[in-house]
Amino acid sequence: MSKKMQSANLVDTWSSCFKCPLCGSPVRVDGDASLVCSKHHAFDFSKQGYLNLLTRPVIGKYGKSLFEARHHLITESPLYKPLHKVLRDLILKAAPDPASPWLMADLGCGEGSHLQSVLKACGLPQVTGLGLDISKEGITQAAKRYEDSIWLVGDLAGLPLADQSCRVLLNILSPANYKEFTRILKQEGIIVKVVPGPDYLKELRQALYGDGEKRSYSNKHTLDLFCRHFDRLDTIQLNYRQRLIGTELQLLASMTPLVWSSDPERLQDFVRQETAWVTVDLDILVGRSQ
Ligand SMILES: [Zn+2]
């Protein structure tokens, strides 16, 4: 079976969780592998298996090589492994009714590697992953690599998902749209938002901008905004260091917009190291519907 047909079949089983991004009507999958709404708006599955549900053209900020680097760093280096374990434990603790099928959505998923790592760590066969990102490049890579999940190019400000369609929402180091997140989260579900703390990747920032460039950063505003939309169940401060080897430092530099405005010589000095410690400092906010 082609990837296109396989994805169409998967989305068909979850079609009640979708809505038309143009008019909000219910949708179904038709025989030619399109998602069609009751008012006849149609969206074709791509040959890689994703659906493009954007209603306006968007020029991507991030290119193919950034998502390739992210994929390799997230799946092959130790950098984010402790984060994935914490997310797994949170989800296993908070996900009720384990026997019936449910959706875990990652909103702003990029090339999908965090979602896929968390799904794998959870090991729950009844869960289907759904990744959405505004970047067609990111979603194309996700759909090529991970065929058991649903991949959507879409807009956080107008999610093509039905009210109360998802049991777990992930939003990892990515912008949010809480109005939409509130709408699609099931009453008994949870949202897990991961935001960078002040020391996140501090070695990279120090190497690129020097020790004097301390980042003044507070998550208070993010936390206040989160609490205005959800009942906060927990906040976990996760801070650890991992030792990366030279090739992994190169990947880290390639996936970080921080380097775009940096001095190329400083960047070379950073990636030429044989190994270096890198700090991961994250706040993990967990909430449920109010
Ligand atoms: Zn429609």
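Counting along the sequence shown from 1, when you hit position 239 you're at 1370 in the working numbering, and nothing is skipped either side. Just so it is clear, CB atoms sit at the ideal spot from N, CA and C, and this is done for glycine as well.
Within 7 Å of the C-beta of Leu1292 there is not a single heavy atom belonging to ligand 1. In chain order, the residues positioned with their C-beta nearer than 6 Å to some heavy atom of ligand 1 are Cys1151, Leu1153, Cys1154, Ser1156, Cys1168, Lys1170, His1172. Counting along the chain, Leu1283 sits inside the beta strand (DSSP E) bounded by residues 1281–1284.
In terms of Cα proximity to Gly1289, the closest of Ser1305, Tyr1309, Tyr1277, Glu1268 is Tyr1309. Gln1404 is classed as exposed because its beta carbon has fewer than 16 other beta carbons within 10 Å across all chains shown.
In chain order, Asp1237, Val1323 place their CB closer than 6 Å to the CB of Leu1301, counting only its own chain and leaving out the 5 sequence neighbours on each side. Within the region 1206–1272, the complete alpha helix (DSSP H) segments of 4 residues or longer fall at 1212–1225, 1244–1253, listed in chain order. In its chain, beyond the 5 residues on either side, Asp1294 have a beta carbon closer than 6 Å to the beta carbon of Arg1314. The continuous beta strand (DSSP E) containing Lys1324 extends over residues 1316–1327. Here Tyr1371 is bridged, per DSSP, to Val1411. Taking the C-beta atoms as reference points, Val1409 is found nearer than 8 Å to Leu1383. The Cβ neighbour count for Met1132, taken over all protein chains shown within 10 Å, is under 16; the residue is labelled exposed. Rounded to the nearest whole angstrom, the CA to CA distance from Lys1195 to Gly1269 is 7 Å. Rounded to the nearest angstrom, the gap between the Cα atoms of Asp1143 and Glu1334 is 46 Å. As a beta-bridge residue in DSSP terms, Ser1420 pairs with Phe1361.
Look at the beta carbons and you see the region 1165–1182 touching the region 1274–1291: at least three pairs across the two are nearer than 8 Å. Annotation: Phe1149 to Leu1246 spans about 19 Å, alpha carbon to alpha carbon. Exposed is the label assigned to Glu1396, since fewer than 16 other Cβ atoms lie within 10 Å of its Cβ. Across the structure, Asp1414 and Cys1168 are spaced so that their CA atoms are roughly 39 Å apart. As computed with DSSP, Ala1173 is found in a beta bridge with Val1167.
Rounded to whole angstroms, Leu1221 and Gly1320 show a C-alpha spacing of 12 Å. A straight line joining the alpha-carbon of Ser1156 with that of Phe1357 spans about 29 Å.
In chain order, Lys1134, Gln1137, Ser1138, Gly1180 place their CB closer than 8 Å to the CB of Glu1278, counting only its own chain and leaving out the 5 sequence neighbours on each side.
When the Cα atoms are used, Val1189 and Ala1173 turn out to be separated by approximately 19 Å.
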